[in-house]
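Trainee: This is the structure I want to talk about, given as structure tokens.
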Amino acid sequence: FFFRFAAVYVSQKISKSRWRPVSHSSLQQADIFATGSWDNEDNKISFWSIGSHGSSGVEDGFEGDPQLLCEHKHDGDVLDLQFLDQDRIVTASSTGAVTIFRHHQNSQTISVSQQWARAHRYPSDNAPCTGVVCSSPEIVTVGEDGRIIVFRADQEGVIRVIDNADSSTIHAVTYLRTTEILTVNSIGQLKLWDLRQQSNSPSQILSLSGDRVPLHCVDRHPNQQHIVATGGQDGMLCVWDVRQGSTPFSLMEAHSAEMWEVHFHPTNPDHLFTCSEDGSLLHWETSSQSDIPSFLQGGRNSSMTSRSAMAPAGGNQSLINAWLSGDSSKGRLETTHMLPSQTLSVNSLDVLGQCLVCGTDGEAIFVNRQVPV
Amino acid sequence: MEEVDVEPAVTNIPAASSGTHLGFAWGPGDILVYETLYKASGTGSGDIHEVRKDEDIYSPILRKLFNESHHIFVGLQTIREDLPSKNKKPQFVSISKNYRSVIRACMEELQQVAVSTKVAEVAMQYGNQVSILLAIELIWNLCEVLFIDAAPAGSLLLHLLDWVRLHKADVDEKAREVLQSESPAEHRDYWDVVVSYVLQGRLEEARQMLVKQATLQPAARKMYKQMDTLLSKMPFYNPGGTQTLTEFDVKWRHWHEEVDRCLQDNSFASNKHLELICKILVGDEDTLLEHKDLLSTWYHFLVTRLLFCHPTVKPTELHYYAQSCLTMFLDSRSVPEPLDSILLAAFEFDIHQVIKDCSIALNNWWFVAHLTDLLDHCKLLQSHNLHFGSNLREFLLLEYASGLFTHHSLWQLAVDYFDHCPEFGRVYLELQIERVPLDTERKALKVLRICEQRQMSEQVRSICKIMAMRALRNNRLGSALSWSIRAKDAAFATLISERFLQDYCARGTFSDLDLIDNLGPAMLLSDRLTFLGKYREFHKLYGEKRFREASKLLLSLMTAKIAPRSFWMTLLTDALPLLEQKEVIFSADQTHELMFCLEELMSSLNTTTAGTDRPMQDEDIEVTKVELLRLALARNLAMAIVKEGTVEA
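Residue numbers (the numbering used here), protein chains in the order written: chain A, 70 to 442; chain B, 1398 to 2046.
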């Protein structure tokens, strides 16, 4: 048994996929997502509908394929994609540009609402913008040029630039709280930046000891702001407590190649999802009986190996693994392969409610509307 | 010189006017054409034309075919070799069906687009692609029946019937039209539909249609009843049943005689339509040939003829009937088209001819590469070796994959194809992968991952070097160093370390501390990098006021020859404040060593800089510095001796 995925081939390699946010007050289901492409002669951002609301053909159990709503040309590879609000989405481009697109839902069209061309750059060349994070109206971007830039939607200029924030490439950025951001770089470091400080150096540096494994993605626990998960070149999942120490709290073997994204489930953070260059999409579930998620149980630096996760994909191995040290009876961690075996990279995933969307280098988008969370 | 199978096609280069001289360069899938003759008057253009052989790669809809079939291809390669072939056959058949369903899906989408577009040119282009895919699917399906499934006598005809029914689906469309009309039995296409059903052996459907006519003609009820009985009694072989082929044959002959009797005693003479059906049932060739318009193709004629004359045809007999049907069906004047020859070759079980003809007739490698691969897995191509390359399967896969690699985005798919070409796949991949343009680090990482997984260390080094050079050009020393560490490129790491040290000398501070402080074991990659890391460690110790450890480290950098000689003066200058501390930090022995270092440096400077004339001012500063150092060293030595003597006493 595999989870029920609707797959659609889209004739472009998908670099990013994101659900449009839904308002918390209503019990609305995820219904629209955006994707960005890379490595094409003409790259695009596209909006898709999974049509879950009363459209015909869904009731009989047949899940329809995602339908393209509209698309717009995008200069350069889409290296990151984040919704600013319901109508606006921010893209990070390999040309170094940061662009806000507006999705007009009445006419199903897209227009450029604001653009900072060459926001990331070298003295004589463009530098790819690798990551973006939004907390409307504030937008923070990072790039291969090692710069952190703060923008504000509806303001033309740049609010703040931290030059030389990193000597190597910054791969991803996330908010820890409203005034504090966290970046990960290509030499295995996490850096905390307090945006209230005028100083151009990080308030804290955490790093993987030894091997300097590049980190590619980071996500913050939705309820406990001091807990972050990162993934890197070796496919390991690391969970960090930024309040304690400067090394990861736990390391878990997950993928056999670069982990491109990691996401806590936004409302049920006992669940976590990762995807990788090795072509797999993993669902991690902790079934802790205590209040502390089992990511944080067990000793420091305890390495938990879940080799099963790399067992021949195609089966649906799910193996229950308890922490090796500490009170192992309390925390259990289960990993499940969500996609049937495939060889091409799963570049991006996003999860909202029971809906999960991911995009691959095999030019396919997979949508699952019944993620067991 | 090899014999040419067909005259090569001529491609006109639009911008190159006639009479100009053209040169060209081979690419993996394309060629570049350029004018070689430049006139002084400037009439020759400097343009370079790219001539593509495989246009299909650039079709957005066909891309889906490439991506989906890639998935099936990879699955096929993982079928275990050691399974008994009996167990593998159903797997191969199901893989073949998967390939075909992907072709069908693609065809349907193309058809939709062709219909919905308003631009005539585009519609025609898509229409052409649809007809090519139709042919491909037709050939593939026949190969599946004959070669992969290799159905024996009895089942063979059933499979061929399915094949014809699938590819002559316009009957169903017509039937729908008839049935939806107010009075189906009076529709002008009514009898065409009935006869078409009979020609395809869809007798149940034919009977249901006939009922409509029978109710309209109560007078002829008996005759219709008789026809219905004939149709319902026609035996079909049931491969899963207990009946043997001989038993079936006897039963079929009885039925056939009964039909013949009806014809002889003119049972249906009063109704020309029923008479016609009866003649078809008895397998009358002239009657069949009179209805070419309903059969539309010679292979439909073949299958219908087999159905009503030779239902137990053996695979080995097929070629005889196929050849005769083709001759009978086509007018003496018309020439068989490529598709006809390909199908005929298939009926003759000449697999190599099928593949060869397809390679010539089709404009893409996708079909022949995948079909040949599948047939090779079925062990049907063993004895065939080419006098170039390795074997047919590998040759075609390499061609297809090379075509993919020329595409700016599909190159990733090609990697798996190269992986499954044991003889030349790796060489091809090595040559191609280095040429992938690297626009972003993320793309570079993906390419690197491909190389590292395959232990292609030469390519790993080359890619890292490209990235390191780019970073260096953009003044990103940290990134450059990271890339050269990843490539284990000691020479480049040395170069970048030098840059760091130069920057330090110029500015007095280190840049990129986050990197240098976290070098770890990577520091050992090159001597200069080790020095950089250790020298920074000295600064850290000094900053933390751990003077004793700092001084020991500083001295060891010189005595262990880790520091380049050119940097010694800087190191000695760094020692000055330590020598000037109130507390004695350098012991007497250490001070001696420092003095020795200074003298060694001075003597080497005297010999090397004798000829060069440096500005007097610089010279003065240097001299003063050395004087200061000598003084500090002497004072420190005195203090150390006193202190050491005091402790011992």
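We put the CB at the ideal spot given by N, CA and C, even for glycine.
1. Which residues in the same chain have their Cβ closer than 8 Å to the Cβ of residue 1419 of chain B, if we skip the five residues on either side of it in sequence?
2. In the DSSP output, which residue or residues are listed as bridge partners for residue 170 of chain A?
3. Can you list the residues of chain B that residue 430 of chain A reaches, using a CB-CB cut of under 7 Å?
4. Examine the Cβ distances between the segment 1825-1835 of chain B and the segment 1797-1807 of chain B and report whether three or more of them are shorter than 8 Å.
5. Taking C-beta pairs closer than 8 Å, name the residues in chain B that residue 433 of chain A reaches, listed in chain order.
6. Go to residue 319 of chain A, then tell me how far its beta strand (DSSP E) extends in each direction, as first and last residue.
7. To which residues does DSSP link residue 151 of chain A through a beta bridge?
8. Measure from the C-beta of residue 237 of chain A to each C-beta in chain B and report whether the shortest distance is under 8 Å.
9. What three-state label does DSSP hand residue 77 of chain A in the structure shown?
10. Taking only heavy atoms of the ligand ADP into account, decide whether any of them is closer than 7 Å to the Cβ of residue 1513 of chain B.
11. Compute the distance between the beta-carbons of residue 403 of chain A and residue 354 of chain A, then report whether it is under 8 Å.
12. Within its chain, find whatever has a CB closer than 8 Å to the CB of residue 1630 of chain B; leave out the 5 residues flanking it on each side and keep chain order.
13. Taking 8 Å as the cut-off, decide whether the C-beta atoms of residue 1590 of chain B and residue 1572 of chain B are in contact.
14. I want to verify the contact list: residues of chain A whose CB lies under 9 Å from the CB of residue 1915 of chain B, in sequence order.
15. Could you compute how far the alpha carbon of residue 256 of chain A sits from the alpha carbon of residue 235 of chain A?
16. Looking at the secondary structure, which residues open and close the alpha helix (DSSP H) in which residue 310 of chain A lies?
17. Across which residues does DSSP place residue 1634 of chain B in a beta bridge pair?
18. Determine whether the Cβ of residue 1842 of chain B lies closer than 8 Å to any Cβ atom of chain A.
19. Can you list the alpha helix (DSSP H) stretches of 4 or more residues lying completely in the segment 1509-1576 of chain B, in chain order?
20. Between the segment 1656-1663 of chain B and the segment 1671-1684 of chain B, can you find at least three pairs of beta-carbon atoms closer than 8 Å?
21. Taking DSSP as the reference, what is the three-state secondary structure of residue 389 of chain A?
22. Leaving aside the five residues before and after residue 1703 of chain B along the sequence, list all residues of the same chain whose C-beta is less than 6 Å from its C-beta, in chain order.
23. Hey, quick one: how far does the beta strand (DSSP E) through residue 417 of chain A stretch, first residue to last?
24. Where do the N-terminal and C-terminal ends of the beta strand (DSSP E) with residue 437 of chain A fall, by residue?
25. What residue range is occupied by the uninterrupted beta strand (DSSP E) comprising residue 1755 of chain B?
26. Could you tell me whether any Cβ in chain A is nearer than 8 Å to the Cβ of residue 1493 of chain B?
27. Of the residues that make up the segment 411-428 of chain A, which ones have a beta carbon closer than 8 Å to any beta carbon in chain B?
28. Roughly how far, in whole angstroms, is the beta-carbon of residue 1968 of chain B from the beta-carbon of residue 1954 of chain B, given that I think they are within contact range, below 8 Å?
29. Just checking, does the segment 1516-1528 of chain B make contact with the segment 1484-1501 of chain B on the three C-beta pairs under 8 Å criterion?
30. Note the first and the last residue of the continuous alpha helix (DSSP H) segment covering residue 1829 of chain B.
31. Under 8 Å between C-beta atoms, does residue 165 of chain A make it to chain B?
32. Contact criterion: CB-CB distance below 8 Å. Does residue 80 of chain A meet it with respect to chain B?
33. Taking the Cβ atom as the reference point for each residue, do residue 1836 of chain B and residue 163 of chain A lie within a distance shorter than 8 Å?
34. Looking only at its chain, what residues have a beta carbon closer than 8 Å to the beta carbon of residue 1910 of chain B, apart from the 5 residues adjacent to it on each side?
35. Tell me which same chain residues have a C-beta within less than 6 Å of the C-beta of residue 90 of chain A, skipping the five on either side of it?
36. When you compare the CB positions of residue 158 of chain A and residue 99 of chain A, do they come within less than 8 Å of one another, or not?
Mentor: Result, derived from the coordinates:
1. For the purposes of this step, residue 1419 of chain B is taken as residue 22 along the second sequence, with counting starting at 1. Excluding positions up to five away in sequence, the list reads 1410, 1413, 1430, 1431, 1432, 1433.
2. As a first step, residue 170 of chain A is located in the first sequence; it is residue number 101 there, counting from the start. Beta-bridge pairing links residue 170 of chain A to A:158, A:181.
3. Position 361 of the first sequence, counted from the first residue, corresponds to residue 430 of chain A. What residue 430 of chain A touches in chain B: 1809.
4. yes
5. Within the first sequence, numbered from 1, the residue matching residue 433 of chain A stands at position 364. 1464, listed in chain order.
6. Residue mapping note: residue 319 of chain A aligns to position 250 of the first sequence, counting from 1. Bounds of the beta strand (DSSP E) holding residue 319 of chain A are 319-322.
7. As a position in the first sequence, residue 151 of chain A is number 82, starting the count at 1. According to DSSP, residue 151 of chain A bridges with A:159.
8. If you number the first sequence from 1, residue 237 of chain A lands on position 168. Closer than 8 Å: yes.
9. Here the question's residue 77 of chain A lines up with position 8 in the first sequence. Note: residue 77 of chain A maps to strand in three-state DSSP.
10. The ligand ADP is absent from the structure shown, which contains no ligands of any kind.
11. Working through the first sequence from its first residue, we reach residue 403 of chain A at position 334. Working through the first sequence from its first residue, we reach residue 354 of chain A at position 285. Yes, the pair counts as a contact, with Cβ atoms nearer than the cut-off.
12. Taking the first residue of the second sequence as 1, we reach residue 1630 of chain B at position 233. Excluding sequence neighbours, residue 1630 of chain B sits near 1652, 1655.
13. Counting from 1 along the second sequence, the entry for residue 1590 of chain B is found at position 193. Counting from 1 along the second sequence, the entry for residue 1572 of chain B is found at position 175. Closer than 8 Å, so yes.
14. On the second sequence, residue 1915 of chain B is found 518 positions in, with the first residue counted as 1. Going along chain A in sequence order, the residues near residue 1915 of chain B (Cβ under 9 Å) are 256, 257, 258, 274, 276, 281.
15. By 1-based counting over the first sequence, the position of residue 256 of chain A is 187. By 1-based counting over the first sequence, the position of residue 235 of chain A is 166. Going from the Cα of residue 256 of chain A to the Cα of residue 235 of chain A covers about 10 Å.
16. Along the first sequence, read from residue 1 onward, the residue named residue 310 of chain A stands at position 241. Here residue 310 of chain A belongs to no alpha helix (DSSP H); instead the beta strand (DSSP E) covers 305-310.
17. Stepping through the second sequence from its first residue, residue 1634 of chain B is reached at position 237. In DSSP, residue 1634 of chain B forms no bridge with anything.
18. The sequence position of residue 1842 of chain B within the second sequence is 445, counting from 1. The C-beta of residue 1842 of chain B comes closer than 8 Å to at least one C-beta of chain A.
19. 1517-1540, 1552-1564
20. yes
21. Stepping through the first sequence from its first residue, residue 389 of chain A is reached at position 320. Residue placement at residue 389 of chain A is poorly supported in this model, since its pLDDT is 28, which falls under 50; the coordinates are not used for a value here.
22. The residue given as residue 1703 of chain B occupies position 306 in the second sequence. Result list for residue 1703 of chain B: 1554, 1710, in chain order.
23. Numbered from its first residue, the first sequence carries residue 417 of chain A at position 348. 415-421 is the extent of the beta strand (DSSP E) around residue 417 of chain A.
24. For this step, residue 437 of chain A is matched to residue 368 along the first sequence. Under the DSSP assignment, residue 437 of chain A falls in the beta strand (DSSP E) whose first and last residues are 433-437.
25. For the purposes of this step, residue 1755 of chain B is taken as the residue at position 358 of the second sequence. That residue, residue 1755 of chain B, is in no beta strand (DSSP E); its alpha helix (DSSP H) goes 1748-1758.
26. In the second sequence, counting from the first residue as 1, residue 1493 of chain B sits at position 96. No - not a single Cβ of chain A is within 8 Å of the one on residue 1493 of chain B.
27. 411, 412, 413, 414
28. Position 571 of the second sequence holds residue 1968 of chain B. Position 557 of the second sequence holds residue 1954 of chain B. That belief holds up - the Cβ atoms of residue 1968 of chain B and residue 1954 of chain B are roughly 6 Å apart, short of 8 Å.
29. no
30. The residue you call residue 1829 of chain B lines up with position 432 of the second sequence. Run containing residue 1829 of chain B: 1822-1830, per the alpha helix (DSSP H) assignment.
31. Within the first sequence, numbered from 1, the residue matching residue 165 of chain A stands at position 96. No, residue 165 of chain A lies away from the interface with chain B (no Cβ there is under 8 Å from its Cβ).
32. As a first step, residue 80 of chain A is located in the first sequence; it is residue number 11 there, counting from the start. Yes, residue 80 of chain A lies at the interface with chain B (some Cβ there is under 8 Å from its Cβ).
33. Along the second sequence, one-based indexing puts residue 1836 of chain B at 439. Along the first sequence, one-based indexing puts residue 163 of chain A at 94. Cβ atoms of residue 1836 of chain B and residue 163 of chain A: closer than 8 Å.
34. The residue labelled residue 1910 of chain B in the question sits at position 513 within the second sequence. Taken in chain order, the residues that qualify are 1933.
35. Indexing the first sequence from 1 puts residue 90 of chain A at position 21. Correct list, in chain order: 152.
36. Residue 158 of chain A sits at position 89 when you count from the first residue of the first sequence. Residue 99 of chain A sits at position 30 when you count from the first residue of the first sequence. In this structure, residue 99 of chain A does not lie closer than 8 Å to residue 158 of chain A by Cβ.
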